[in-house]
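Numbering (the working numbering), first residue to last: 2 to 103.
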Amino acid sequence: MRLELRNVQLIGNELALAWNDGSESFVELGMLRRACPCAACGGEPDVLGHVARPHVSYTDKSFELVGFELIGGYALQPRWADGHSTGIYSFTYLRRLAQHSD
């Protein structure tokens, strides 16, 4: 069965995720932001495969979720109060983050 997200809600400082297999997951917003998979946050590989990880500075607004978009039936793209919105979290990645959030 392909993993699909049925519902997403912000509850306090967590994102509540309801999956098509009937399970639910919760991801704390701080963890979600710090695990951003975009190149600006996580770095990107050079031609030799080495990843230079940039230093990311956070403010209180960095952890304030202002919205999100579902992307192509496979991912979620959060928008943060500090203007950051380039992270695209696949459903598989979100589920993995939620397992570490428990």
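The beta carbon of each residue, even a glycine, is placed where N, CA and C say it ideally should be.
Three-way DSSP call (helix, strand, coil) for residue i in this model
i: Tyr59; result: coil
i: Leu11; result: strand
i: Ala99; result: helix
i: Leu6; result: strand
N-terminal and C-terminal residue of the alpha helix (DSSP H) that residue i is part of
i: Ala40; result: 40 to 43
Beta-bridge pairing of residue i - partner residues as DSSP gives them
i: Ala76; result: Ile72, Ser91
Proximal residues to residue i (C-beta, below 8 Å), its chain only, five neighbours per side dropped
i: Leu18; result: Leu6, Asn8, Val9, Glu25, Ser26, Phe27, Val28, Leu95, Arg96, Ala99
Own chain partners of residue i with C-beta closer than 6 Å, once the 5 adjacent residues on each side are dropped
i: Val52; result: Gly44, Pro46
i: Gly88; result: Cys37, Pro38, Cys39
Enclosing beta strand (DSSP E) for residue i [first to last residue]
i: Val28; result: 25 to 29
contact_flag[the stretch 8 to 28, the stretch 43 to 52] where n(CB pairs < 8 Å) is 3 or more: Short answer: they don't touch.
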